[in-house]
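*Asks:*
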Amino acid sequence: MSPEGKSLSIFLSTAEVSGDIAGADLASALRRAYPGVRLFGCGGHKMADAGVSLDVNTTDFGVIGLFEVFRFIPRLFRAFFKIRQAVKRERPQLAVLIGYEGFHVPLARWFRRQGIYTVSYMPPQVWLWAALARPIARSYDEILAVVPDEVEIYGKAGANVSFVGHYLRDKIPAARRPEARSELRRRLGLDDSGTVIALLPGSRRHEVGVFAPILLSAASLLLTRQPQLTFVLAVADECFRPFIEDAVRKQGLAGQVVLTDGSRDSMAVSDLVLLASGTATLEAALFRLPMVIVYRLSRSTVGVVRALQFLGVIRYDHIALPNLLLQGPIVPELHQGEASPDKIALAAEELLSDPVKYRRMQSELARVRPLLGEGKSTQKAAELLLERAVGQRSAARGLQVSRRA
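Just so you know, we're using the numbering used here here: the sequence shown kicks off at 196 and counts up by one.
1) For the candidate residues Met462, Gly350, Gly294, Asp336, whose alpha-carbon lies nearest to that of Ala375?
2) If you check the beta carbons only, do Gln446 and Arg491 fall under 8 Å apart?
3) Confirm, please, whether the CB-CB distance from Pro527 to Leu477 is below 8 Å.
4) Exposed or buried, Arg284, counting other C-beta atoms within 10 Å across all chains shown (16 or more means buried)?
5) Grab the span of the alpha helix (DSSP H) containing Asn518 for me, first residue to last.
6) Looking at the structure shown, is Ala217 part of a helix, part of a strand, or coil, going by DSSP?
7) Which whole-angstrom value is the C-beta distance of Pro396 and Leu418, which I expect to be below 8 Å?
8) For Ile331, which option in Ala352, Val452, Gly473 has the closest C-alpha, if you only look at C-alpha atoms?
9) If you pair each beta-carbon of the segment 401-409 with each one of the segment 434-451, do three or more pairs fall below 8 Å?
10) Indicate the three-state DSSP secondary structure (helix, strand or coil) for Ile338 in the structure shown.
11) Pull the bridge partners of Phe298 from the DSSP assignment, please.
12) Using the Cα positions of Met242 and Ala479, report the straight-line distance between them to the nearest angstrom.
13) Rounded to whole angstroms, how far is the Cβ of Ile348 from the Cβ of Tyr316, which I believe are closer than 8 Å?
14) Here's the rule: buried if 16 or more other CB atoms are within 10 angstroms of the residue's CB, otherwise exposed. What is Ser572?
15) Round the Cβ separation of Phe220 and Tyr362 to the nearest angstrom and send it over; I've been treating them as touching at under 8 Å.
16) In terms of alpha-carbon separation, which member of Val291, Ala431, Tyr295, Asp250 lies closest to Arg273?
17) Identify which residue in Tyr229, Ser377, Trp305, Glu569 has its Cα closest to the Cα of Arg364.
18) Under the assumption that Ala429 contacts Ser458 (Cβ atoms under 8 Å), give the Cβ distance between them as a whole number of angstroms.
19) Please list, in chain order, all residues of the same chain as Val443 whose beta carbon is under 7 Å from its beta carbon, the five residues on each side excluded.
20) Considering just the uninterrupted stretch of the alpha helix (DSSP H) at Arg400, what are its terminal residues?
21) Tell whether a beta-carbon distance below 8 Å holds between Leu521 and Val563.
22) Could you compute how far the alpha carbon of Pro343 sits from the alpha carbon of Lys277?
23) Give the secondary structure of Asp460 by DSSP, where H, G and I count as helix, E and B as strand, and everything else as coil.
24) Output the boundary residues of the beta strand (DSSP E) element that contains Phe275.
25) In or out: Ile268 buried (at least 16 other Cβ within 10 Å) or exposed?
26) According to DSSP, simplified to helix, strand and coil, what is Asp250?
27) Under 8 Å, Cβ to Cβ, is there at least one residue of chain C near Asp250?
28) Could you check the C-alpha separation between Arg380 and Arg233 for me, to the nearest Å?
29) With DSSP as the reference, please indicate the residues paired to Ile488 in a beta bridge.
30) Strictly by DSSP, which residues pair up with Phe358?
31) So what's Tyr229 in DSSP terms, helix, strand or just coil?
32) For His299, which residues in the same chain have their Cβ closer than 6 Å to its Cβ, ignoring the five residues on either side in sequence?
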């Protein structure tokens, strides 16, 4: 698409680290396809580096649970006020909201009241929140689905849905070259022939605070039984590094746990990953990397979730994305009290000591990649969004002409 006429303006928003990564990828694709596009909105440093003018930095808004969000309400209101001011200033042709439904659903409805075409990219996982599919569908002009099930679920709820595929499919190669893995291990100071376990405590502040100590305790238990093991721990954001370094020291693991920048290098050098439920589980699946997934909510949130499940508002057998996509218990999930250091260590040992079970999990995880589209998903999303933005601009010009007449 060639940049003709007045420059397009698009609002982009996310509120957590994984969305910031996806948003940055999308922003880069939009700029490649339409160099004159003006991008502004909410996000983190990755979106800023990709050329998005940030009115609000929101990447630490992400929380786990229903009640934990309340402490962010004042900040959410301040963010909404800044967004209103920015939108009045820029008058974008399009608003693209990435994940984080707690903030974005009411924001989407406000955008639509302003007459701005509003799109959900990487929409909420309504396979968990079945009753929310219809109100979410009504909140957006269009939903860009990243997995096939979303097309059916949102389509039945009355949404205008387009399937573009998941951006991670293009980021993680289908096959790992042994020499590349060996080189990365050497760069990180790891034994090329040893067993390496990755620890991924999450990308949200609350997740890191909860899961880093738990996963490090599990690592400590594993080392008492198998001292030859090596661990790498992914630091999702530099702001978490001081806390993580302190947690490593408290566990007496200084010198035994290597810290890496982000999840991908940690997974690329590892034989197994212990991680918090979230987007990283999908990355691990694309690496065909056997995993143990942990998840914890506050007691108050658990009580509400169980009541909603009983009423049929929430329906799920699994929480982890690989299990949801493959519709079965392919990888172990440890929830609530089950997500304890001793049970995590035991699940890890079971995988490492059983080659047949290990290879079977790898084989099952290979089924994830075809479910995420045919590739070039971010490019497809960018082209579709630009088409919508140009259409909205043309419609606005036509309306102005008719009013003058």
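Note that beta-carbon positions come from the ideal geometry of N, C-alpha and C, so glycine has one too.
As the structure is a computational prediction, the values presented were derived from the model and not from experiment.
*Replies:* Put simply:
1) Met462
2) no
3) no
4) exposed
5) 516-521
6) helix
7) Pro396 to Leu418, Cβ: 18 Å. No contact.
8) Ala352
9) yes
10) strand
11) Answer is none; Phe298 lacks a bridge partner.
12) 23 Å
13) Not really, about 16 Å apart at Cβ, beyond 8 Å.
14) buried
15) In the sequence as presented, Phe is not what sits at residue 220; that position holds Asp. Asp220 to Tyr362, Cβ: 5 Å. Contact.
16) Asp250
17) Glu569
18) 5 Å
19) Leu411, Ala449, Val452
20) 400-420
21) yes
22) 35 Å
23) helix
24) Not the beta strand (DSSP E): Phe275 falls in the alpha helix (DSSP H), residues 268-285.
25) exposed
26) strand
27) No chain C is part of this structure, which consists of one protein chain only.
28) 41 Å
29) Leu470, Glu528
30) Ala340
31) coil
32) Leu292
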